[in-house]
Amino acid sequence: MTDVIIFGGQSNMQGQSERLSENIPVKSALEYRLLTDSLVPLSNPVGEDIRYDGTEGVPYAKGQIHLRDWLANHALGSACDGHTNLVPAFCRAYLAACGGSVVAVHAAKGSTEIEDWLPHTAGYGILCKKAQSALRLLKKSNTEIGHVCFVWLQGESDAIAGRSRTYYKEKLAILADSLIADLGIECFGIIRVGRFTGDTRDDEIIRAQDEICREDSRFLMLTDLATALNERPDCMNPHVGGHYSAKGLELLGDAAGKALGRHRMSQK
(Lines of atoms letter the chains of each structure in order from A and count residues from 1; the text may use other names and numbers.)
(Lines give C-alpha, C1' and ligand atoms only; values in the text may rest on other atoms or scores of the structure.)
Protein backbone atom coordinates (compact mmCIF):
# COMPACT_ATOMS: atom_id res chain seq x y z
CA MET A 1 0.00 0.00 0.00
CA THR A 2 1.48 3.33 -1.07
CA ASP A 3 0.32 6.62 0.42
CA VAL A 4 0.56 9.83 -1.59
CA ILE A 5 1.42 13.05 0.22
CA ILE A 6 1.21 16.37 -1.61
CA PHE A 7 3.28 19.21 -0.15
CA GLY A 8 2.10 22.75 -0.90
CA GLY A 9 2.90 26.26 0.27
CA GLN A 10 5.41 29.03 -0.10
CA SER A 11 9.14 29.50 0.56
CA ASN A 12 9.50 27.50 3.76
CA MET A 13 7.78 24.61 1.99
CA GLN A 14 9.75 25.18 -1.18
CA GLY A 15 12.85 25.12 1.01
CA GLN A 16 15.06 28.14 1.61
CA SER A 17 17.65 26.91 4.07
CA GLU A 18 21.33 27.76 4.35
CA ARG A 19 22.90 24.41 3.45
CA LEU A 20 22.43 20.88 2.21
CA SER A 21 22.55 18.88 5.44
CA GLU A 22 22.25 15.42 3.87
CA ASN A 23 20.97 13.73 0.73
CA ILE A 24 20.49 10.13 1.83
CA PRO A 25 17.48 8.55 0.09
CA VAL A 26 14.52 7.91 2.38
CA LYS A 27 13.79 4.19 2.60
CA SER A 28 10.43 3.20 1.07
CA ALA A 29 9.86 6.73 -0.25
CA LEU A 30 9.83 8.12 -3.78
CA GLU A 31 9.35 11.59 -5.22
CA TYR A 32 7.20 12.18 -8.28
CA ARG A 33 8.67 14.37 -11.02
CA LEU A 34 6.20 15.88 -13.47
CA LEU A 35 8.72 16.96 -16.09
CA THR A 36 9.80 13.37 -16.69
CA ASP A 37 6.60 11.68 -15.47
CA SER A 38 8.72 9.48 -13.26
CA LEU A 39 9.39 8.39 -9.70
CA VAL A 40 12.84 8.92 -8.21
CA PRO A 41 14.29 8.11 -4.77
CA LEU A 42 13.25 10.80 -2.28
CA SER A 43 16.20 12.79 -1.02
CA ASN A 44 17.37 16.37 -0.65
CA PRO A 45 17.17 18.63 -2.59
CA VAL A 46 13.47 18.20 -3.32
CA GLY A 47 11.19 19.61 -6.00
CA GLU A 48 11.12 20.79 -9.59
CA ASP A 49 11.43 24.16 -11.28
CA ILE A 50 8.49 24.44 -13.66
CA ARG A 51 7.58 27.54 -15.64
CA TYR A 52 4.02 28.75 -16.09
CA ASP A 53 4.01 27.30 -19.60
CA GLY A 54 4.80 23.85 -18.18
CA THR A 55 8.39 23.73 -19.39
CA GLU A 56 11.50 23.13 -17.33
CA GLY A 57 12.69 26.17 -15.45
CA VAL A 58 15.89 26.97 -13.61
CA PRO A 59 16.63 26.48 -9.90
CA TYR A 60 16.72 29.65 -7.84
CA ALA A 61 20.25 30.31 -6.66
CA LYS A 62 21.03 33.50 -4.77
CA GLY A 63 23.33 35.78 -6.74
CA GLN A 64 22.79 33.94 -10.01
CA ILE A 65 19.28 35.09 -10.88
CA HIS A 66 17.16 37.99 -9.67
CA LEU A 67 14.40 36.71 -7.38
CA ARG A 68 11.79 38.95 -9.01
CA ASP A 69 12.58 37.49 -12.43
CA TRP A 70 12.51 33.92 -11.14
CA LEU A 71 9.13 34.43 -9.43
CA ALA A 72 7.62 36.03 -12.53
CA ASN A 73 8.39 33.00 -14.68
CA HIS A 74 7.99 29.99 -12.39
CA ALA A 75 4.86 28.26 -11.13
CA LEU A 76 6.72 25.77 -8.91
CA GLY A 77 10.20 25.71 -7.44
CA SER A 78 12.72 23.24 -6.10
CA ALA A 79 14.57 23.83 -2.85
CA CYS A 80 16.54 27.06 -3.22
CA ASP A 81 20.27 26.73 -3.87
CA GLY A 82 19.91 22.94 -3.88
CA HIS A 83 19.66 22.96 -0.09
CA THR A 84 17.66 21.03 2.51
CA ASN A 85 13.87 20.86 2.43
CA LEU A 86 11.53 19.44 5.12
CA VAL A 87 9.98 16.71 2.91
CA PRO A 88 12.59 13.94 3.45
CA ALA A 89 12.50 14.38 7.25
CA PHE A 90 8.70 14.41 7.12
CA CYS A 91 8.51 11.17 5.16
CA ARG A 92 11.08 9.41 7.36
CA ALA A 93 9.05 10.25 10.44
CA TYR A 94 5.76 9.40 8.75
CA LEU A 95 6.94 5.95 7.67
CA ALA A 96 8.48 5.27 11.08
CA ALA A 97 5.07 5.95 12.62
CA CYS A 98 2.84 4.01 10.23
CA GLY A 99 4.97 1.90 7.89
CA GLY A 100 4.21 1.13 4.28
CA SER A 101 5.59 3.27 1.47
CA VAL A 102 5.02 6.81 0.29
CA VAL A 103 5.20 8.96 -2.82
CA ALA A 104 5.89 12.65 -2.20
CA VAL A 105 4.55 15.28 -4.60
CA HIS A 106 6.24 18.64 -3.98
CA ALA A 107 4.32 21.65 -5.34
CA ALA A 108 5.41 24.87 -3.66
CA LYS A 109 6.66 28.32 -4.58
CA GLY A 110 8.00 31.16 -2.48
CA SER A 111 6.40 34.59 -2.07
CA THR A 112 2.90 33.30 -2.77
CA GLU A 113 -0.31 34.21 -0.97
CA ILE A 114 -3.07 31.69 -0.43
CA GLU A 115 -5.04 33.31 -3.26
CA ASP A 116 -2.29 32.19 -5.66
CA TRP A 117 -3.24 28.56 -4.94
CA LEU A 118 -7.01 28.80 -5.26
CA PRO A 119 -9.05 27.20 -8.07
CA HIS A 120 -8.74 28.83 -11.51
CA THR A 121 -5.23 30.15 -10.78
CA ALA A 122 -2.06 29.01 -12.53
CA GLY A 123 -0.66 27.79 -9.22
CA TYR A 124 -3.63 25.57 -8.51
CA GLY A 125 -3.61 24.28 -12.07
CA ILE A 126 0.00 23.12 -11.98
CA LEU A 127 -0.38 21.70 -8.45
CA CYS A 128 -3.34 19.60 -9.59
CA LYS A 129 -1.67 18.58 -12.82
CA LYS A 130 1.37 17.33 -10.93
CA ALA A 131 -0.64 15.47 -8.28
CA GLN A 132 -3.07 13.97 -10.81
CA SER A 133 -0.17 12.83 -12.98
CA ALA A 134 1.44 11.14 -9.98
CA LEU A 135 -1.77 9.30 -9.16
CA ARG A 136 -2.20 8.32 -12.81
CA LEU A 137 1.33 6.90 -13.00
CA LEU A 138 0.81 4.84 -9.85
CA LYS A 139 -2.47 3.44 -11.15
CA LYS A 140 -0.87 2.65 -14.51
CA SER A 141 1.82 0.62 -12.73
CA ASN A 142 -0.88 -1.21 -10.71
CA THR A 143 0.35 0.30 -7.45
CA GLU A 144 -2.25 0.04 -4.70
CA ILE A 145 -2.83 3.58 -3.49
CA GLY A 146 -3.60 4.00 0.19
CA HIS A 147 -4.19 7.42 1.72
CA VAL A 148 -3.94 10.68 -0.22
CA CYS A 149 -3.06 13.64 2.00
CA PHE A 150 -2.19 17.30 1.53
CA VAL A 151 0.32 19.12 3.74
CA TRP A 152 0.34 22.92 3.83
CA LEU A 153 2.97 25.35 5.10
CA GLN A 154 2.00 28.86 4.02
CA GLY A 155 0.76 32.18 5.31
CA GLU A 156 3.78 34.45 5.67
CA SER A 157 2.87 36.46 2.56
CA ASP A 158 -0.73 36.79 3.75
CA ALA A 159 0.55 38.19 7.03
CA ILE A 160 2.69 40.70 5.15
CA ALA A 161 -0.39 41.69 3.13
CA GLY A 162 -2.41 42.16 6.33
CA ARG A 163 -5.04 39.52 5.51
CA SER A 164 -7.63 38.96 8.21
CA ARG A 165 -8.31 35.77 10.12
CA THR A 166 -11.74 35.49 8.50
CA TYR A 167 -10.36 36.01 5.00
CA TYR A 168 -7.67 33.36 5.43
CA LYS A 169 -10.08 30.80 6.88
CA GLU A 170 -12.47 31.31 3.99
CA LYS A 171 -9.68 30.74 1.48
CA LEU A 172 -8.48 27.60 3.29
CA ALA A 173 -12.00 26.16 3.09
CA ILE A 174 -12.20 26.91 -0.64
CA LEU A 175 -8.83 25.25 -1.22
CA ALA A 176 -9.86 22.17 0.76
CA ASP A 177 -13.14 21.86 -1.16
CA SER A 178 -11.27 21.88 -4.45
CA LEU A 179 -8.51 19.49 -3.41
CA ILE A 180 -11.08 16.99 -2.18
CA ALA A 181 -13.03 17.25 -5.44
CA ASP A 182 -10.05 17.23 -7.79
CA LEU A 183 -7.52 15.01 -6.01
CA GLY A 184 -9.56 13.03 -3.51
CA ILE A 185 -7.48 14.11 -0.53
CA GLU A 186 -8.60 12.60 2.77
CA CYS A 187 -6.81 15.01 5.07
CA PHE A 188 -5.63 18.62 4.85
CA GLY A 189 -2.68 18.76 7.24
CA ILE A 190 -1.37 22.13 8.38
CA ILE A 191 2.13 22.90 9.61
CA ARG A 192 1.22 26.05 11.49
CA VAL A 193 3.01 29.05 10.09
CA GLY A 194 5.73 30.77 12.08
CA ARG A 195 6.23 34.47 12.69
CA PHE A 196 7.40 36.60 9.80
CA THR A 197 6.18 40.18 10.30
CA GLY A 198 6.81 40.12 14.04
CA ASP A 199 3.53 41.89 14.81
CA THR A 200 -0.20 41.23 15.08
CA ARG A 201 -0.50 40.45 11.38
CA ASP A 202 1.14 37.10 12.13
CA ASP A 203 -1.46 36.45 14.82
CA GLU A 204 -4.32 36.71 12.32
CA ILE A 205 -2.93 33.89 10.17
CA ILE A 206 -1.89 31.74 13.13
CA ARG A 207 -5.35 32.09 14.69
CA ALA A 208 -7.02 31.28 11.39
CA GLN A 209 -5.05 28.04 11.09
CA ASP A 210 -5.67 27.09 14.72
CA GLU A 211 -9.40 27.77 14.47
CA ILE A 212 -10.08 25.95 11.23
CA CYS A 213 -8.35 22.84 12.56
CA ARG A 214 -10.60 22.93 15.64
CA GLU A 215 -13.79 23.70 13.72
CA ASP A 216 -13.49 21.67 10.50
CA SER A 217 -12.74 17.95 10.65
CA ARG A 218 -11.18 18.00 7.18
CA PHE A 219 -8.21 19.88 8.64
CA LEU A 220 -5.55 18.46 10.94
CA MET A 221 -3.02 20.57 12.85
CA LEU A 222 0.23 18.66 12.42
CA THR A 223 2.47 20.87 14.52
CA ASP A 224 2.72 24.37 15.98
CA LEU A 225 6.50 24.07 16.38
CA ALA A 226 7.34 26.79 13.86
CA THR A 227 6.78 29.69 16.26
CA ALA A 228 9.04 28.10 18.88
CA LEU A 229 11.76 27.60 16.27
CA ASN A 230 11.56 31.33 15.47
CA GLU A 231 13.15 31.90 18.88
CA ARG A 232 16.08 29.57 18.19
CA PRO A 233 18.88 31.11 16.11
CA ASP A 234 20.21 27.66 15.19
CA CYS A 235 16.86 26.85 13.58
CA MET A 236 16.68 29.97 11.41
CA ASN A 237 18.48 30.68 8.16
CA PRO A 238 21.15 33.25 9.12
CA HIS A 239 21.17 34.70 5.59
CA VAL A 240 17.44 35.07 4.85
CA GLY A 241 15.15 36.51 7.50
CA GLY A 242 12.02 34.59 8.45
CA HIS A 243 13.17 31.34 6.89
CA TYR A 244 14.20 28.17 8.65
CA SER A 245 17.65 26.64 8.62
CA ALA A 246 18.28 23.08 7.49
CA LYS A 247 18.04 22.03 11.13
CA GLY A 248 14.79 23.94 11.59
CA LEU A 249 13.19 22.43 8.51
CA GLU A 250 14.22 18.93 9.57
CA LEU A 251 12.68 19.47 13.01
CA LEU A 252 9.47 20.79 11.44
CA GLY A 253 9.32 17.88 9.02
CA ASP A 254 9.97 15.33 11.73
CA ALA A 255 7.27 16.70 14.04
CA ALA A 256 4.68 17.02 11.28
CA GLY A 257 5.46 13.63 9.76
CA LYS A 258 5.08 11.89 13.11
CA ALA A 259 1.73 13.60 13.64
CA LEU A 260 0.34 12.57 10.27
CA GLY A 261 1.64 9.02 10.74
CA ARG A 262 -0.06 8.76 14.13
CA HIS A 263 -3.26 10.13 12.61
CA ARG A 264 -3.16 7.51 9.88
CA MET A 265 -2.68 4.74 12.45
CA SER A 266 -5.65 6.06 14.44
CA GLN A 267 -7.86 5.70 11.35
CA LYS A 268 -7.31 1.95 11.05
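With numbering that gives the first Met the number 0, letter number 77 in the sequence shown gets 76, and the count goes up by one each step, no holes. Ideal placement from N, C-alpha and C gives every residue a C-beta, glycine not left out. Computed from a predicted structure; not experimentally measured.
The residue among R50, N72, D80 and G76 with its C-alpha nearest the C-alpha of Q63 is D80. Judged by DSSP secondary structure, C90 falls outside any beta strand (DSSP E) and instead within the alpha helix (DSSP H) spanning V86 to C97. Residues G8, N11, M12 and I190 of the same chain have their beta carbon placed closer than 6 Å to that of L152, with the five preceding and five following residues left out of the count.
Counted as a single uninterrupted DSSP element, the alpha helix (DSSP H) harbouring Y123 occupies residues A121 to K139.
Across the set I173, E210 and T120, the C-alpha of E210 shows the shortest separation from the C-alpha of R164. No residue range can be given for D36, since it is assigned to no alpha helix (DSSP H) and is classified by DSSP as neither H nor E.
In the DSSP annotation of this structure, L182 is not part of any beta strand (DSSP E); the continuous alpha helix (DSSP H) holding it starts and ends at R164 to L182. Between I5 and the set D223, K128, E21 and P58, the nearest pair of CA atoms involves K128. The beta strand (DSSP E) runs of length 3 or more contained entirely in the region 3 to 53 are, from start to end of the chain, 28 to 32 and 37 to 40. Per DSSP, the continuous beta strand (DSSP E) segment holding L152 begins and ends at I144 to L152. Classified as buried, P44 has 16 or more neighbouring CB atoms from the shown chains inside 10 Å of its CB. Comparing C-alpha distances from G193 to each of A172, A158 and A92 shows the shortest one belongs to A158. By the 16-neighbour rule on beta-carbons within 10 angstroms, V39 is exposed. Per the DSSP secondary-structure output, L219 pairs in a beta bridge with G188. Contact annotation: A88 and G241 have beta-carbon atoms that are not nearer than 8 Å.
Taken atom to atom, the span from the alpha-carbon of Y167 to that of A107 is near 18 Å.
At a Cβ-Cβ threshold of 8 Å, T1 and G124 do not count as neighbours. For H73, the beta-bridge partners assigned by DSSP are R50. Only buried fits N84, as 16 or more other CB atoms lie within 10 angstroms of its CB. Here DSSP, grouped into helix, strand and coil, assigns S265 to helix. In the structure shown, A78 falls within a coil segment according to DSSP collapsed to helix, strand and coil.
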